[in-house]
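Add 16 to a position in the sequence shown, counting from 1, and you land on the number used in my numbering. No residue lacks a Cβ here, since even glycine has one placed at the ideal position from N, Cα and C. From a predicted model like this one, the values you see are computed outputs, not experimental measurements. Since the structure comes first, as structure tokens, the remarks are kept for the end.
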Amino acid sequence: MSQPPGFIDSHYPDYVCQLHKSLYGLKQAPRAWNEKFITFLPSLGFISTYADSSLFVQHTGSSIVVLLLYVDDIILTGNSSLAIIAVIDALTKEFDLKDLGQLHYFLGIQVIQQSNGLFLSQAKYIKDLLAKTDMEDSKPCATPCLPYNRLVLDDGKPYNNPGLYRSLVGALQYLTFTRPDIAFAVHQVCQFMQNPMESHFTVVKRILRYLKGSVHLGVQYVKGDLDVRAYSDTDWAGDPNDRRSTTGFVVFLGSNPISWSSKKQQTISRSSTEVEYRALSSTAAELDWIKQLLSFLHVPIPYQPMFYYDNMSTIALTCNLVLHQRTKHIEVDIHFVQERVNKKLLTVQFVLSADQYADILTKGLSAPLYQTHCHNLSLAVFATEFEGGC
């Protein structure tokens, strides 16, 4: 730490102070506090998961306590209130902590606890974003992007405030944690952060107009079965700028979506089968991660995960071990999925395109179809307006 103004040693003006304890407000203070906290948790019987380094589990007999840590914000839950209270008491003795009771607000995400589950939304975050952009009185629109419309790299004039563009797009990225319905639209505008055009900023404003009309939309989590199922879809060579394909997938635990993504593939695919199988492989890897996480949380999966896909030729490759020259360059992906299918760790099943829930993550859709897929993703509106902290 540099010497404070007014307290500089005249004999040693270039010397710095050696801290014996981290001071709140310094750049290294959160890291130092987090390191000390993580070092202390094993003494209470907590083990860090391999799937997520910020997630810790304490398993004692039939009781399970789960702790999620983000710097100095903590979520603590479990199946035994006595075990949770014991952990809180132990942490309070070691650290200066404050128990805020039941979870209501965490990192900008509002949590409403209901009799049959949870409701997650970022209504306050959206309102603050609309106020920041002076779009509180804007006219709402039905979808965040035009149906089957793609953004072009050099479309019109450059936008005169690229800093504002990056700030808004970054804020919209954080919204996708509870709003899978805007994932594809945000994925599109993220590709032009370095040199945005006026047409690209118009799309950003359209996303904000859509959010204006769906402020209180969030993800509804209800109690139910613990079977795992996944939907995956691709838009082959859909990007007009580099002809790369977009992969979208959503993973459900019971009827609740727990993981989703809309991302452009890293390489260009020469055939639809190639791009479909790469999407299949990436989604299978996500399923492996989720299974590992649930296993660490001691959550039993009653059935092997179901993978729903709408391409018959791709599904056929999961069972047909005969490879040829046309599939040589994607053999790693093919063997990766085939191994899981052969070991009965994964079941791939055909689904009609109309019932492909991941379709909303790969392209813009018409309003009626878009609303149908929003319902499929368990997106709902909580009637009572909820305001939380900051």
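Asked	Found
Quick check: the Cα distance between H36 and N176, rounded to an integer number of angstroms?	48 angstroms
Could you pull the start and end residues of the alpha helix (DSSP H) that A301 belongs to?	288 to 312
H389 by DSSP, collapsed to three states: which one?	helix
Between the C-alpha atoms of I63 and H27, what's the straight-line distance to the nearest angstrom?	50 angstroms
DSSP state of L134, grouped into three classes?	strand
Using a Cβ-Cβ cut-off of 7 angstroms (strictly less than) and excluding sequence neighbours within five positions of G270, which residues of its own chain qualify?	G240, D241, L242, D243
Under a three-way DSSP split, which group does M151 fall into?	coil
What are the partner residues of Y324, as DSSP defines its beta bridges?	Y247, Q365
For K228 and G186, I'd like the C-alpha separation in whole angstroms.	18 angstroms
Could you work out which residue in I274, L146, F323, A295 is closest to K280 when comparing CA atoms only?	A295
Count the other CB atoms within 10 Å of the CB of N201; is the residue buried (16 or more) or exposed (fewer)?	For the record, residue 201 in the displayed sequence is Ala; it is not Asn. A201 should be labelled buried.
Starting from the C-beta of A99, find all residues in its chain whose C-beta is less than 6 angstroms away, skip the five residues before and the five after it, and write them out in chain order.	S79, V81
Between which two residues does the alpha helix (DSSP H) holding Q236 run?	It is not in any alpha helix (DSSP H) - Q236 instead sits in the beta strand (DSSP E) that spans 233 to 238.
Just the C-alpha distance for T289 and P163, rounded to the nearest angstrom, thanks.	24 angstroms
If we ignore side chains and look at the alpha-carbon of each, how far apart do T250 and G264 end up?	6 angstroms
For Q207, tell me which candidate among V168, G179, P174, S230 has the shortest Cα-Cα distance.	V168
State the start and end residues of the unbroken beta strand (DSSP E) segment that holds G94.	89 to 94
What's the call for E152, buried or exposed, on a 16-neighbour Cβ count within 10 Å?	exposed
Can you tell me which of the three DSSP states G264 falls into?	strand
Closer than 8 angstroms is the cut-off here; do at least three beta carbon pairs connect the stretch 186 to 196 with the stretch 223 to 238?	yes
Counting Cβ pairs, one atom from each stretch, are 3 or more of them under 8 angstroms apart for the stretch 323 to 330 and the stretch 363 to 375?	yes
Within 10 angstroms of the Cβ of S18, are there 16 or more other Cβ atoms? Answer buried if so, exposed if not.	exposed
Ordered along the chain, which non-local residues of its own chain (more than five positions away) have a Cβ less than 7 angstroms from that of Q341?	Since pLDDT at Q341 reaches only 48, below the 50 mark, its modelled position is unreliable, and the value read off the structure follows with that caveat. Counting only Cβ-Cβ distances below 7 angstroms, and skipping sequence neighbours, we find nothing.
Classify G177 as helix, strand or coil using the three-state DSSP reduction.	The question names Gly, but residue 177 in the sequence shown is Asn. Coil at N177, not helix or strand.
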